[in-house]
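Working notes, structure below.
Residue numbers (the numbering used here): 798 to 1096.
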């Protein structure tokens, strides 16, 4: 009887493990497409957490369900249960296992975020560390040195991107990036705290006033994605978003050349336009949006 019980429990554990592994793989479909090397790292971590969480959830719910269905007191049985004072071995086990899991999750998460080099408010001045390329392999020092450098200006409520490519200065309200090439953004806020967030890249970086912050990542999938401000920055916060265009290196160079020939003009700014309409219709106080950026290219 004891052997039969052990075999049943082992079979149930295997079944729960297989279901958990399946859920971990399904978790990859809950996100936007993996458009950067960093997205692979984040999705792997999320899949691991979903797998582990599913295993624990099914184990706990299964145990409770079994207890409710098969370990119930007989009808009209109002007697007390057996006087159990405790089990030292069991208490050690159910303390050690969660402790080991928490340490495992913390170490894995730290490893991922260290590779991604997401900077917090207290370490914004440190240099970006090595991060994974498309196959999540470690890069050489030379790869980072040859990165594409782009200056990012955040203000209430617009993004401006400035490129200095071979002495050619180009500015844009749309972020263009070459595919499969290391990107280094130099983030600067002209007013309040902002957050550069590209969901398809799984990257987010706070942009802190008074500090230039270096931020690196590697696009790996061509397409158009959305950049949003992850920090609430005031009245017209919702309008502070733009497109991120990942294109082949040849198309990227062509875009830079074409944009360099264009005459800089004031870009359309939804916040400034909305403020102008509201200012004529009401007297409620708000922060005046920054002037629309003057750029070579506007989306």
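Heads up, the beta-carbon is just placed ideally off N, CA and C, and yes, glycines get one too.
Just so it is clear, the structure is predicted and the values come from calculations on it, not from any experiment.
So, helix, strand or coil for residue i, using DSSP?
i: residue 881; result: coil
i: residue 836; result: helix
i: residue 931; result: A caution first: residue 931 carries a pLDDT of 35, below 50, which makes its placement in the model unreliable, though a value can still be read off. Coil.
i: residue 958; result: strand
i: residue 1098; result: Residue 1098 lies beyond the stretch modelled for the chain, which goes from 798 to 1096, so this question has no answer here.
i: residue 779; result: Lying outside 798 to 1096, the shown extent of the chain, residue 779 is not represented and no answer is given.
i: residue 1026; result: strand
i: residue 858; result: helix
i: residue 912; result: helix
i: residue 1100; result: Because the chain in this structure spans residues 798 to 1096, residue 1100 falls outside the shown range and cannot be described.
i: residue 897; result: helix
i: residue 821; result: helix
i: residue 1007; result: coil
i: residue 1075; result: helix
i: residue 1048; result: helix
i: residue 988; result: coil
i: residue 938; result: Caution applies to residue 938, whose pLDDT of 37 falls short of 50 and renders its modelled position unreliable; the value that the coordinates give is listed next. Note: residue 938 maps to helix in three-state DSSP.
i: residue 947; result: strand
Would you say residue i and residue j are within 7 Å of each other, going by their C-beta atoms?
i: residue 1064; j: residue 1086; result: no
i: residue 814; j: residue 844; result: no
i: residue 1022; j: residue 1004; result: no
i: residue 1073; j: residue 954; result: no
i: residue 1016; j: residue 983; result: no
i: residue 852; j: residue 876; result: no
i: residue 979; j: residue 1027; result: no
Let me make sure I understand the geometry here. Which of the options has the alpha-carbon closest to that of residue i?
i: residue 1019; options: 1045, 802, 867, 1035; result: 1045
i: residue 905; options: 839, 1058, 872; result: 839
i: residue 821; options: 991, 841, 1005, 807; result: 841
i: residue 1032; options: 1024, 1071, 1049; result: 1071
i: residue 1061; options: 804, 970, 833, 873; result: 970
i: residue 968; options: 978, 1052, 976, 808; result: 1052
i: residue 957; options: 807, 903, 1025; result: 1025
Please classify residue i as buried or exposed, where buried requires at least 16 other C-beta atoms within 10 Å of its C-beta.
i: residue 908; result: exposed
i: residue 972; result: buried
i: residue 743; result: In the structure displayed, the chain extends from 798 to 1096; residue 743 sits before or after that span and is not available.
i: residue 888; result: exposed
i: residue 833; result: buried
i: residue 1055; result: exposed
i: residue 863; result: exposed
i: residue 801; result: exposed
i: residue 1012; result: buried
i: residue 894; result: exposed
i: residue 819; result: exposed
i: residue 975; result: buried
i: residue 811; result: exposed
i: residue 992; result: buried
Here's a check: name, in chain order, each residue in its chain whose Cβ is nearer than 6 Å to the Cβ of residue i, leaving out the five neighbours to either side.
i: residue 999; result: 835, 836, 839
i: residue 959; result: 948, 968
i: residue 829; result: 996, 997
Can you find the residues in the same chain that come closer than 7 Å, C-beta to C-beta, to residue i, ignoring five residues on each side of it along the sequence?
i: residue 1006; result: 986, 988, 989, 990
i: residue 1091; result: 1061, 1062, 1063
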